[in-house]
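Chemist: Chains A and B supply the protein sequences, listed in that same order. In this text, residue positions in the first sequence follow full-length UniProt numbering: the first is 1, and each later residue adds one. In this text, residue positions in the second sequence follow full-length UniProt numbering: the first is 1, and each later residue adds one.
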Amino acid sequence: MSATAVRRRARRGSGLGLVAWLAGVVFFLPVAWMALTSFHSEADAATNPPSFTASLTLDGYREFFGTGGGASPWPALINSTVASVASTVCVLLLALPAAYALSVRPVRKWTNVLFFFLSTKMLPAVAGLLPIYLFAKNAGMLDNIWLLVVLYTSMNLPIAVWMMQSFLAEVPVAVIEAARVDGASLPVILARVVAPIALPGIAATALICFIFSWNELLFARVLTGVVAGTAPVFLTGFITSQGLFLAKVCAASLVVSLPVLAAGFAAQDKLVQGLSLGAVK
Amino acid sequence: MTATTAPLATTAVRAAKQPPARLRAWVTRAPLLPALVFMIVVTQLPFVATLVISFFDWNALYPKARRFTGLANYRQVLTDADLRHSVWTTVLLTVAVVLASLVLGLVLALLLDRRFRGRGIVRTLLIAPFLVVPVAAALLWKHVLYNPEYGLLNGLLHYVGGPQPDWISNTPLLAVEASLVWQWTPFMMLILLAGLQSRDQQQIEAARVDGASDWQIFRHLTLPHLRRYLELGALLGSVYIVQNFDAVFTLTSGGLGTANLPYTVYQSFYQAHENGLASAAGVLVVIGSIVIATFALRVVSSLFREEVSRA
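1) May I ask which residues mark the beginning and end of the alpha helix (DSSP H) holding Glu-42/A?
2) With 8 Å set as the bound, which would you pick, yes or no: does the beta-carbon of Ala-98/A sit closer than that to a beta-carbon of chain B?
3) Could you tell me the alpha carbon to alpha carbon distance between Val-256/A and Leu-77/A, rounded to whole angstroms?
4) Contact between the segment 247-255 of chain B and the segment 225-244 of chain A is defined here as three or more beta-carbon pairs at a separation below 8 Å; is this criterion met?
5) Where does residue 356/A land, buried or exposed, given buried means 16+ other C-beta within 10 angstroms?
6) Answer with yes or no whether the minimum CB distance from Gln-202/B to chain A is below 8 Å.
7) Taking only beta-carbon positions, decide if Gly-274/A is within less than 8 Å of chain B.
8) Note down the Cα distance separating Gln-76/B from Phe-56/B, rounded to an integer number of angstroms.
9) Please state if the CB of Pro-124/A and the CB of Pro-262/B are separated by a distance shorter than 8 Å.
10) Below 8 Å CB to CB, which residues in the same chain sit around Gly-70/B once its five sequence neighbours on both sides are set aside?
11) Could you name the residues that DSSP lists as bridge partners for Phe-39/A?
12) Smallest Cα separation from Thr-258/B: which of Glu-205/B, Ile-168/B and Arg-115/B?
13) Looking at Ala-72/B: is its Cβ nearer than 8 Å to the Cβ of Asn-275/B?
14) Please give the ranges of any alpha helix (DSSP H) in the segment 192-218 of chain B, keeping only runs that are unbroken, at least 4 residues long and fully inside the region.
15) Excluding sequence positions up to five away, which residues of its chain have a Cβ less than 7 Å from the Cβ of Ala-99/A?
16) Which term fits Leu-18/A, buried or exposed, when burial requires 16 or more other beta carbons within 10 angstroms of its beta carbon?
17) I'd like to know if Val-248/B contacts chain A, where contact means its C-beta is closer than 8 Å to some C-beta of that chain.
18) What span of residues does the alpha helix (DSSP H) with Gln-268/A cover, start to end?
19) Phe-269/B versus chain A: which residues are under 8 Å apart at the beta carbon?
20) Any idea if Phe-130/B is buried or exposed, counting beta-carbon neighbours within 10 angstroms, 16 or more meaning buried?
21) Going along chain B, which residues have a C-beta under 8 Å from Ile-159/A?
22) For His-158/B, which residues in chain A fall below 8 Å Cβ to Cβ?
23) Write down the C-beta distance between Thr-264/B and Ala-247/B rounded to the nearest angstrom, noting that I regard them as a contact closer than 8 Å.
24) Alpha carbon to alpha carbon, how far is Met-141/A from Phe-116/A?
25) I need the DSSP call for Asn-215/A, collapsed to helix, strand or coil.
26) Contact between the segment 116-128 of chain B and the segment 218-227 of chain A is defined here as three or more beta-carbon pairs at a separation below 8 Å; is this criterion met?
27) Can you say whether Ser-198/B is buried or exposed, counting buried as having 16 or more other CB atoms within 10 angstroms of its CB?
28) Does the distance from the CB of Thr-94/B to the CB of Ile-241/B come in under 8 Å?
29) On the DSSP letters alone, give me the boundaries of the alpha helix (DSSP H) that Thr-250/B sits inside.
30) Out of Thr-79/B, Met-39/B, Tyr-266/B and Val-286/B, point me to the one whose CA is closest to Leu-51/B's CA.
31) Taking residue 330/B as the reference, give the member of Val-283/B, Met-188/B, His-273/B and Ile-290/B with the closest Cα.
32) Mind checking which residues open and close the alpha helix (DSSP H) that includes His-273/B?
33) For chain B, is any of its Cβ atoms less than 8 Å away from the one on Met-164/A?
34) Spell out whether any CB of chain B is found under 8 Å from the CB atom of Pro-75/A.
35) For a quick check, are the C-beta atoms of Gly-275/A and Ile-202/A less than 8 Å apart?
36) Whose Cβ in chain A lies nearer than 8 Å to the Cβ of Ile-241/B?
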């Protein structure tokens, strides 16, 4: 390669770096604008042309948290936390043994079970919505957060089994055999041998399950209401709000997204590995 | 006596020999069973129920008039103009969003694959749209960006003296698609970036030394390597976007010709209380999904096998 070619490549490289920066800013702009608007007064939020220099205030957040009238979002935020955390724990408890059976001691032909799990993920949620609704109605379980916990567990279990079996496949079989020879039972092997080694993978799985449960709207919208409504259901209350509450809408959207944003930024690599079902490493 | 005990003895011996083997197989499978049983009960049973309900004429407001009608619901669903339109909308929405976010994601991944100052920051900025809760993202687009009077889009157009369109009313489906492309491009970018970073750098250097141009390297080395990652992104994206409910529900409430199948099914039982019709539509969604899923599973399984052979 000649010196000029290297220089030309380097110059184009920094030019493309600028293009990347531009793309990053364009994609981030709506989020940044949402954040800025959430700190504006309602009057400053709804202006055209947009105001970049308006003074900042916490009124949007005060409104959202109900101190300025309107329903409090706390029950919804607590419901979302309960549903997401509880279903994630259930998923891990069911998926860890299943992934162990599938990856550490695979039984021939049972690999198909892995594909059965994945195939349920391709079954649209609407396919079972009506019977679940009718069941909940007859069993008196409408507007009950624990029904969502069960459904979110089933929603995330296939992904968790897939992710975990790829993480558990990296646990050395010799270590497990050694524990078994020493007479350790399955729960002991899982808790003392497998889990510590596969901990980063298990954490990533938990993160993804948490995010999916936290984001879910369809089941929550149909099956919950006043008592067990989750944060996304609370947000749907803003769908028809016309202009008057722009700062409040932005504050609400940002607060509800905050756990996902924080978790996602913290674990970017694990996120993509998990979302691609462990196929991309 | 002896004549009868002899066969008994041999079966006893055989039985004593066999159970341990069978038992061992079940012990191996046992940890799998709770998850398996749970999945069958929570996902397969409701679907079977949907299938059964789809053969009934059943409006929830008139529960006593429920009766078996065979395939009549399916006939009605398939001849219903609104429903056929929502099938078309689903296809259009899915194909447009997957293709656009895949192409944009590829461009961004190629940009981010290069070394430049602040690459980590740009990557973080680009991931943000994917990490906003879907309903919140849809609200953001509906009120903060698209609003004709004080939305950011028209606000920025104001500075250049451009027109001030009412985005959602003028181009409703495109408005939904744009917001979804914004959310899904980061996902595609992340998968493709992982693909780019797993390339064989020595091979690329060798090609460069042999005088291959950047385009030739991209066309003959990078793109073939990325094929699997492109397929994976397209398939996972399709699985999620076919089922999209949040964006359609929030941005347009299914109005202006943007109702996709999940929204239509939701509407026909939640608002019209037509249990039988909704179930038939739901079953048709499943059949459509199975077509995609069979293809998807084949690709994922080939990726999976490749990984096993590597291990």
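No residue lacks a Cβ here, since even glycine has one placed at the ideal position from N, Cα and C.
Modeler: So, from the listed chains and residues:
1) For the purposes of this step, residue 42/A is taken as the residue at position 42 of the first sequence. Taken as a continuous stretch (DSSP letters only), the alpha helix (DSSP H) holding Glu-42/A covers 42-45.
2) Counting from one through the first sequence, the residue named residue 98/A turns up at place 98. Closer than 8 Å: yes.
3) The count along the first sequence starts at 1 and reaches residue 256/A at position 256. The count along the first sequence starts at 1 and reaches residue 77/A at position 77. In a straight line, the C-alpha of Val-256/A is about 8 Å away from that of Leu-77/A.
4) yes
5) Chain A is shown from 1 up to 281; residue 356/A falls before or after that span and cannot be answered.
6) In the second sequence, counting from the first residue as 1, residue 202/B sits at position 202. No, no contact with chain A.
7) Here the question's residue 274/A lines up with position 274 in the first sequence. No, no contact with chain B.
8) Working through the second sequence from its first residue, we reach residue 76/B at position 76. Working through the second sequence from its first residue, we reach residue 56/B at position 56. One C-alpha to the other measures close to 12 Å.
9) Reading the second sequence from its first residue, position 262 is the one you call residue 262/B. Reading the first sequence from its first residue, position 124 is the one you call residue 124/A. Cβ atoms of Pro-262/B and Pro-124/A: closer than 8 Å.
10) For the purposes of this step, residue 70/B is taken as the residue at position 70 of the second sequence. Hits under 8 Å: Phe-55.
11) Position 39 of the first sequence, counting from 1, holds the residue named residue 39/A. Its beta-bridge partners do not exist; DSSP assigns none.
12) On the second sequence, position 258 is the one that residue 258/B refers to. Comparing Cα-Cα distances from Thr-258/B to each of Glu-205/B, Ile-168/B and Arg-115/B, the minimum goes to Ile-168/B.
13) Within the second sequence, numbered from 1, the residue matching residue 72/B stands at position 72. Within the second sequence, numbered from 1, the residue matching residue 275/B stands at position 275. Cβ atoms of Ala-72/B and Asn-275/B: not closer than 8 Å.
14) 201-209 and 214-217
15) Stepping through the first sequence from its first residue, residue 99/A is reached at position 99. Same-chain partners within the cutoff: Val-161, Met-164, Gln-165 and Leu-168.
16) Translated into positions along the first sequence, residue 18/A becomes position 18. By the neighbour-count rule (16 or more Cβ atoms within 10 Å), Leu-18/A is not buried but exposed.
17) For the purposes of this step, residue 248/B is taken as the residue at position 248 of the second sequence. Chain A contact via Cβ: absent.
18) Here residue 268/A refers to the residue found at position 268 of the first sequence. 268-275 is the span of the alpha helix (DSSP H), which, as asked, contains Gln-268/A.
19) Locating residue 269/B in the second sequence gives position 269, counting from the first residue. Result: Leu-129, Leu-130 and Tyr-133.
20) In the second sequence, residue 130/B corresponds to position 130, counting from 1. Counting Cβ neighbours within 10 Å, Phe-130/B comes out buried, since at least 16 surround it.
21) On the first sequence, position 159 is the one that residue 159/A refers to. What Ile-159/A touches in chain B: nothing, since even the nearest Cβ is about 10 Å away.
22) Position 158 of the second sequence, counted from the first residue, corresponds to residue 158/B. Near His-158/B (Cβ distances below 8 Å), the residues of chain A are Asn-48 and Pro-49.
23) Residue numbering aside, residue 264/B sits at position 264 when the second sequence is read from its first letter. Residue numbering aside, residue 247/B sits at position 247 when the second sequence is read from its first letter. Not really, about 15 Å apart at Cβ, beyond 8 Å.
24) As a working note, residue 141/A is residue 141 in the first sequence. As a working note, residue 116/A is residue 116 in the first sequence. So the two alpha carbons sit approximately 28 Å from each other.
25) Working through the first sequence from its first residue, we reach residue 215/A at position 215. Three-state result, Asn-215/A: helix.
26) no
27) Reading the second sequence from its first residue, position 198 is the one you call residue 198/B. Exposed, since its Cβ has fewer than 16 Cβ neighbours within 10 Å.
28) For the purposes of this step, residue 94/B is identified with residue 94 of the second sequence, where counting begins at 1. For the purposes of this step, residue 241/B is identified with residue 241 of the second sequence, where counting begins at 1. Yes, they are a contact pair.
29) Translated into positions along the second sequence, residue 250/B becomes position 250. It spans 246-251 - the alpha helix (DSSP H) in which Thr-250/B sits, taken as one unbroken run.
30) For the purposes of this step, residue 51/B is taken as the residue at position 51 of the second sequence. When each option's Cα is compared against that of Leu-51/B, the closest is Val-286/B.
31) Any answer about residue 330/B is impossible in this case: the structure gives chain B only from 1 up to 311.
32) Here residue 273/B corresponds to residue number 273 of the second sequence, with the count starting at 1. Element bounds for His-273/B: n/a, residue is neither H nor E.
33) By one-based count along the first sequence, residue 164/A stands at place 164. Chain B, which has no Cβ nearer than 8 Å to the Cβ of Met-164/A, makes this no.
34) Here residue 75/A refers to the residue found at position 75 of the first sequence. So no, Pro-75/A is outside the interface.
35) As a position in the first sequence, residue 275/A is number 275, starting the count at 1. As a position in the first sequence, residue 202/A is number 202, starting the count at 1. First, the residue type needs correcting, since residue 275/A is Leu and not Gly in the sequence shown. No. Outside cutoff.
36) Stepping through the second sequence from its first residue, residue 241/B is reached at position 241. Result: empty, since nearest Cβ-Cβ is about 12 Å, beyond 8 Å.
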